[in-house]
Amino acid sequence: MKVEKTNKVMDKNDFSDLDIDQKVCELVNSNGYKRPDLIQLLQDITAEYNYLPEGGLRCVSERLGVTFAEVYSAATFYKAFSLEPRGKHIIQVCVGTACHVRGASRILEEIERRINIKAGETSEDFMFTLETVNCLGACALGPIIVIDGEYHGQMTPAKVSKLLERYTVTKRVKAEAVAI
Ligand code: FES
Numbered sequence: 028m029k030v031e032k033t034n035k036v037m038d039k040n041d042f043s044d045l046d047i048d049q050k051v052c053e054l055v056n057s058n059g060y061k062r063p064d065l066i067q068l069l070q071d072i073t074a075e076y077n078y079l080p081e082g083g084l085r086c087v088s089e090r091l092g093v094t095f096a097e098v099y100s101a102a103t104f105y106k107a108f109s110l111e112p113r114g115k116h117i118i119q120v121c122v123g124t125a126c127h128v129r130g131a132s133r134i135l136e137e138i139e140r141r142i143n144i145k146a147g148e149t150s151e152d153f154m155f156t157l158e159t160v161n162c163l164g165a166c167a168l169g170p171i172i173v174i175d176g177e178y179h180g181q182m183t184p185a186k187v188s189k190l191l192e193r194y195t196v197t198k199r200v201k202a203e204a205v206a207i
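To get our numbering, take the position in the sequence shown, counting from 1, and add 27.
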């Protein structure tokens with residue numbers, strides 16, 4: 028039942044809201060999901076689109092035969108789910124106590140400066156979403172950030188800057204290729 032992730036860039040220009048709802052409905056109807064699969068289905072939609080569009084949640088409700096309120100409740104209960112479109116790359120900065128005393132705020136500031144958004148925001152091109160979390164359970168490695176599920180410990184502003192180059196350089200190269 029696990030859906031293979033295609034690592035799609037959620038560029039708002041790619042699809043209208045209707046397109047996205049339709050694609051999510053296709054996913055919902057394609058894998059024989061049953062009522063007990065609600066969380067798995069929400070995870071699969073998130074893995075594919077990085078968020079849970081409302082129209083897609085209505086399809087989930089119809090497909091599984093559960094009320095929309097129940098689907099909505101599950102979708103808003105877990106922090107891993109978002110009802111808002113999120114970027115292709117999810118950056119999480121731990122601001123828990125152990126990371127905080129080791130300079131997490133400087134790491135966060137450097138990331139905000141590099142990708143030009145604040146914590147809690149998604150970049151206009153839907154490349155990045157920046158989030159803060161309270162403890163990732165790896166305090167000894169602090170300050171720590173997670174990008175797309177990959178942990179990066181003992182961060183410094185210089186290291187984080189270098190790390191982000193991977194993503195911003197790829198984007199710049201693509202933009203230059205389009206301009207040629
Ligand atoms: S406080 Fe950052 S990992 Fe625990």
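Yeah, the Cβ is synthetic: ideal placement off N, Cα and C, and Gly gets one too.
Using only CA atoms, which one of Y60, K189 and P170 lies nearest to G130?
Reading the sequence shown from its first residue, position 103 is the one you call residue 130. That would be P170, whose Cα lies nearest to the Cα of G130.
Hey, L69 and L79 are a contact pair by Cβ (cut 8 Å); roughly how many whole angstroms apart?
Here residue 69 corresponds to residue number 42 of the sequence shown, with the count starting at 1. Here residue 79 corresponds to residue number 52 of the sequence shown, with the count starting at 1. The pair is a contact, with the Cβ atoms about 6 Å apart (cut-off 8 Å).
Who are T159's beta bridge partners in DSSP?
Here the question's residue 159 lines up with position 132 in the sequence shown. Note: T159 sits in a beta bridge opposite V120.
Could you give the distance in angstroms between the alpha-carbon of L110 and the alpha-carbon of S57?
On the sequence shown, position 83 is the one that residue 110 refers to. On the sequence shown, position 30 is the one that residue 57 refers to. If you take the alpha carbons of L110 and S57, they lie about 22 Å apart.
Does the Cβ of N287 have 16 or more other Cβ atoms within 10 Å, making it buried, or fewer, making it exposed?
For the chain, the structure presents residues 28 to 207; residue 287 sits outside this window and is missing.
Let's see if you can read the secondary structure: which residues bound the beta strand (DSSP E) around I174?
Taking the first residue of the sequence shown as 1, we reach residue 174 at position 147. Run containing I174: I172 to I174, per the beta strand (DSSP E) assignment.
Does the beta-carbon of T103 have 16 or more other beta-carbons within 10 angstroms, so that it is buried, or is it exposed?
Position 76 of the sequence shown, counted from the start, is the residue given in the question as residue 103. Under this definition T103 is an exposed residue.
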